[in-house]
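J.:
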Amino acid sequence: SLSLETDMVTELLDSYYRLRDYEDIFAIGKPLTDSAAARYFEGMGLLGQNRLGEAYMSLLLGPACDHFYPSASIALAHIDAMRQNYEEAEKRLGGLISLTAAKAPHINEKAHVLLAQLLFEKGLYAEALNQFMNIPSSSRLYSESLAGQAWCLVKLKEYGNAVPLLKEIKAA
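Here the sequence shown is numbered in my numbering, starting from 120 and rising by one per residue.
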């Protein structure tokens with residue numbers, strides 16, 4: 120069936136991506152021009168090769184209804200940030216946060232962390248702190264969030280509030 124074939128291609132592309140075998144991703148994906156999975160993994164492969172412009176264009180091709188869209192949006196925001204186009208990255212992440220709040224918590228958490236990092240880089244430490252605080256303790260990103268919170272508090276000269284977070288990081 121077509122769905123099974125699509126799932127198999129997606130798994131194959133994902134395997135090559137995890138192995139950083141970008142050339143095989145490109146070879147497999149080339150004839151699959153209508154495949155959202157092929158476009159997504161091609162974009163991620165190009166990003167892995169630091170070919171930002173090509174990666175951006177490939178990742179933009181996915182429709183908003185596609186299940187790769189949230190992950191592609193994270194990658195697009197990352198590229199925007201690498202290009203120092205912070206406003207576009209913030210806008211993309213803000214939209215993604217509202218879109219994924221209930222449906223995709225792991226993507227939502229990545230978006231919060233990336234947005235927090237962008238805000239931190241802009242010197243907006245209180246706003247960055249608020250974004251880092253959206254990460255639940257059950258998340259894989261919790262340790263990163265704690266470190267981000269601690270750095271924000273240090274920048275805000277709230278050292279007494281940063282110390283317990285640093286102790287929690289050390290204990291983990």
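Even glycine gets a Cβ: it sits at the ideal position worked out from N, Cα and C.
1. Look at the alpha carbon of TYR136 and the alpha carbon of LEU179, and state the distance between them as a whole number of angstroms.
2. Using the beta-carbon count (16 or more within 10 Å), is SER264 buried or exposed?
3. Please check the pair ALA220 and ALA235, which I expect to be a contact at CB under 8 Å, by giving their CB distance rounded to whole angstroms.
4. Under 7 Å Cβ to Cβ from GLN268, same chain only, skipping five residues before and after it: list those, please.
5. Apply the 10 Å Cβ neighbour rule to SER217 and answer buried if 16 or more other Cβ atoms are within range, or exposed otherwise.
6. Alpha carbon to alpha carbon, what distance is there between ALA194 and ASN280?
7. Which same chain residues end up closer than 7 Å to SER177 when comparing Cβ atoms and leaving out the 5 residues on each side of it in sequence?
8. Thinking GLY73 and TYR141 are a contact (beta carbons under 8 Å), I'd like their distance in whole angstroms, please.
9. Once you ignore the five residues that flank ALA229 on each side, which residues in its own chain have a CB closer than 8 Å to its CB?
10. Look up LEU243 in the DSSP assignment and say whether it is helix, strand or coil.
11. Looking at the unbroken alpha helix (DSSP H) that takes in ARG202, where does it start and where does it end?
12. Given a threshold of 16 other Cβ atoms within 10 Å of its Cβ, counted over all protein chains shown, does TYR244 qualify as buried or as exposed?
13. Relative to the alpha-carbon of GLY172, which residue among ARG202, PHE145 and LEU233 has its alpha-carbon at the smallest distance?
14. Give me, in chain order, the residues of the same chain whose beta-carbon lies closer than 6 Å to that of ALA155; leave out the 5 immediate sequence neighbours on both sides.
T.: Walking through what the data contain:
1. 18 Å
2. buried
3. Going by Cβ atoms, the distance from ALA220 to ALA235 rounds to 16 Å, so no, they are not a contact pair.
4. LEU248, PHE251, MET252 and LEU284
5. exposed
6. 32 Å
7. ARG158, GLU161, GLY162 and LEU165
8. Nothing can be reported for residue 73, as the shown portion of the chain is limited to 120 through 291.
9. Per the sequence presented here, residue 229 reads as Lys, with Ala not at that position. Here the set comprises ILE193 and LEU260.
10. coil
11. Note, ARG202: premise wrong, no alpha helix (DSSP H); not H, not E.
12. buried
13. ARG202
14. GLY181, ASP185 and PHE187
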